[in-house]
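Numbering (my numbering), first residue to last: 82 to 712. Backbone N, C-alpha and C define an ideal beta-carbon position, used for all residues, glycine too.
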């Protein structure tokens with residue numbers, strides 16, 4: 082078992098002493114090769130200043146790469162984050178960092194330089210404990226108590242002996258004549274650094290430990306961290322919340338991903354790995370290591386399904402263009418799957434493409450179906466969608482209702498359904514409606530009585546789907562082909578029907594059947610107008626899955642005179658085409674939601690997000706369910 086003495090020995094090798102003209106001086110420590118972390122007040126908050134670095138009996142000249150803000154004259158405590166990064170011409174050993182706060186009363190250890198028993202600063206340890214957190218303004222710092230923290234200990238690393246990770250940086254001792262101890266800046270405060278520098282530091286940190294750092298192997302044998310072997314049942318047991326990966330395993334994965342550029346779609350990749358039931362992420366995802374941590378925190382996988390970390394590794398390898406990294410990710414996933422007893426599940430898994438239906442969010446699906454007893458009465462059904470094999474009937478009518486009553490009933494049921502799916506911003510609302518009702522302003526609904534300022538389509542992605550009057554096998558197959566083609570494109574190629582389009586239904590149908598690439602339809606007028614109604618009707622019969630239009634009629638074609646050019650419909654087309662130019666089909670619901678919110682902030686100006694309607698059908702088809710009365 083790794084002892085406190087062994088951890089102290091490893092920590093001491095990473096500690097340096099910092100000094101320089103006009104500087105208070107103090108302690109620092111290597112967090113990555115050639116990068117030292119300390120407090121801003123140790124180097125007087127002067128970015129670019131030269132620093133003398135004393136390490137291993139020798140002195141080296143470095144400089145302050147970045148520093149937090151300096152204190153004003155009337156400030157007794159330096160402002161948050163009170164951290165600085167010093168570059169050093171030394172390829173020294175590096176600590177293992179962790180953003181987690183230590184548990185209450187956890188055993189801690191700090192190692193720094195102090196003039197405690199003589200005229201010169203000597204390296205010395207301080208045995209500490211964690212009494213919890215303390216607030217400094219709006220920020221949380223780590224309270225530390227125990228041994229004395231004399232001058233020179235500022236900037237010293239604080240290691241959590243329970244986890245073996247450095248969790249903080251000594252900031253200040255308690256006031257004179259008070260019990261020993263003080264305050265430390267948590268490692269989490271590194272997020273206040275510029276994002277590019279934050280990424281660079283963590284990537285160099287991860288590369289170091291993946292290639293040659295002794296720390297992960299030591300942490301693997303800390304009995305307090307987790308058992309040596311993880312029971313495979315733990316990943317499907319609802320009460321087990323321990324992390325999935327061992328330090329050596331997470332280090333290897335981080336090291337591989339440190340070789341890849343940061344993706345722009347971290348949240349999308351998180352949702353894709355977790356599936357439709359992705360828990361909400363509380364911390365902003367800045368790079369791959371954030372994504373790994375978020376997935377490692379998900380200790381429970383659905384029975385019979387791969388853990389999200391294994392799904393993520395396979396998906397990332399599938400899309401990786403660097404063969405060495407892709408092979409490393411495949412090999413890593415195989416070894417973890419064997420340890421977890423999930424090798425058969427991994428063998429059966431095929432990574433989906435970005436933009437496929439499997440990548441999409443959970444959804445509330447609200448259907449309005451004409452009753453066979455009369456076309457002016459409707460049956461309401463509300464489903465909760467968590468995955469293609471996980472539909473749940475939330476509520477369903479036994480008797481049909483008049484249209485306005487049916488709308489009102491759906492409005493009253495939506496808040497409860499959204500709450501059942503955690504109500505997060507990623508939850509979509511899909512309205513399955515007869516074609517003649519597709520232009521209803523469902524996205525503009527106010528369904529929260531005490532929050533009149535909140536509209537459904539600005540809080541959640543809202544889309545419409547056409548209710549099938551017959552499940553024609555040919556139309557279904559053509560729809561699958563069109564969706565598959567769209568999902569493979571980097572952006573959606575829109576085909577527009579303009580206000581003056583005079584093609585009849587036969588010509589329009591021939592155009593749709595000409596190619597599966599005719600898969601996304603743009604209308605410059607609503608479906609109530611003849612040409613738009615004809616195009617939508619034949620398009621749906623030909624398997625159309627994606628369409629967009631503006632709810633009101635084109636004002637410039639409503640009068641008897643000639644239309645101004647470009648007309649409102651064409652202006653809508655040009656504006657929307659530009660704003661959606663780089664969007665994949667899977668991103669359209671969220672992109673349209675963003676447009677609705679942008680338009681709401683520009684009252685009195687023309688904006689394509691005002692009264693926009695998105696027909697978007699990912700192919701989710703709830704199977705027949707026993708009815709549950711709405712009343």
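Classification of residue i by the beta-carbon crowding that lies within 10 angstroms, buried from 16 upward
i: residue 686; result: exposed
i: residue 555; result: exposed
i: residue 185; result: exposed
i: residue 520; result: buried
i: residue 299; result: buried
i: residue 490; result: buried
i: residue 651; result: buried
i: residue 419; result: exposed
i: residue 596; result: exposed
i: residue 374; result: buried
i: residue 294; result: buried
i: residue 238; result: buried
i: residue 218; result: exposed
i: residue 215; result: exposed
i: residue 663; result: exposed
i: residue 253; result: buried
i: residue 314; result: Only weak support is given to the placement of residue 314: the predicted model assigns it a pLDDT of 44, under 50, and the question is left unresolved by the model.
i: residue 423; result: buried
i: residue 538; result: buried
i: residue 208; result: exposed
Beta-bridge partners of residue i, as assigned by DSSP
i: residue 208; result: 190
i: residue 216; result: 221
i: residue 267; result: 249
i: residue 631; result: 693
i: residue 418; result: None; residue 418 has no bridge partner.
i: residue 344; result: Looking at the DSSP assignment, residue 344 forms no beta bridge with any residue, so it has no partner.
i: residue 512; result: 447, 545
i: residue 464; result: 446, 474
i: residue 178; result: 247
Own chain partners of residue i with C-beta closer than 7 Å, once the 5 adjacent residues on each side are dropped
i: residue 242; result: 85, 88, 188, 189, 190
i: residue 502; result: 443, 445, 465, 508
i: residue 312; result: Here residue 312 scores only 46 on pLDDT, less than 50, and its place in the model is too uncertain to base an answer on.
i: residue 301; result: 327, 328, 329
i: residue 487; result: 449, 459, 461
i: residue 522; result: 632
i: residue 180; result: 268, 269
i: residue 130; result: 101, 124, 144, 145
i: residue 387; result: 423, 426, 427, 430
Residue interval of the beta strand (DSSP E) (run including residue i)
i: residue 113; result: 107-113
i: residue 603; result: 601-604
i: residue 168; result: 165-168
i: residue 446; result: 444-452
i: residue 241; result: 238-241
i: residue 142; result: 139-148
i: residue 132; result: 131-136
i: residue 98; result: 96-100
i: residue 430; result: Run containing residue 430: none; DSSP gives neither H nor E here.
i: residue 117; result: 116-119
Cβ shell of residue i (< 6 Å), same chain only, five flanking positions each side left out
i: residue 436; result: Per-residue confidence for residue 436 stands at a pLDDT of 45, beneath the threshold of 50, marking its modelled position as unreliable; the derived number appears in the next sentence. Result list for residue 436: 568, 665, 666, 667, in chain order.
i: residue 462; result: 448, 477
i: residue 480; result: none
i: residue 146; result: 166, 168
i: residue 368; result: 280, 343
i: residue 194; result: 98, 108, 202, 204, 233
i: residue 174; result: 94, 95
i: residue 172; result: 114
Residues of its chain near residue i, where Cβ-Cβ distance is below 8 Å and the 5 sequence neighbours each way are ignored
i: residue 633; result: 607, 692
i: residue 536; result: 524, 525, 526, 527, 677, 681
i: residue 603; result: 575, 576, 577, 578, 628, 629, 630, 654, 657, 658
i: residue 337; result: 291, 406, 409, 410, 413
i: residue 573; result: 567, 601, 627, 661, 664, 665, 666, 669
N-terminal and C-terminal residue of the alpha helix (DSSP H) that residue i is part of
i: residue 158; result: No alpha helix (DSSP H) holds residue 158; DSSP gives it neither H nor E.
i: residue 283; result: 276-292
i: residue 660; result: 649-660
i: residue 332; result: 328-338
i: residue 402; result: That residue, residue 402, is in no alpha helix (DSSP H); it is neither H nor E in DSSP.
i: residue 362; result: From DSSP, residue 362 is part of no alpha helix (DSSP H); its letter is neither H nor E.
i: residue 590; result: 586-595
Check: residue i C-beta below 7 Å from any heavy atom of the ligand GTP
i: residue 514; result: Absence of the ligand GTP is noted for the structure shown, with no ligands found whatsoever.
Any C-beta of chain D under 8 Å from that of residue i
i: residue 341; result: Chain labels in this structure do not include chain D; a single protein chain is all it has.
To test your reading of the DSSP string, which unbroken beta strand (DSSP E) runs of 3 or more residues are found completely within the segment 466-510?
471-477
- Unbroken alpha helix (DSSP H) runs of length 4 or more, entirely within the segment 528-577: which are they? Qualifying alpha helix (DSSP H) stretches, in chain order: 537-540, 554-568.
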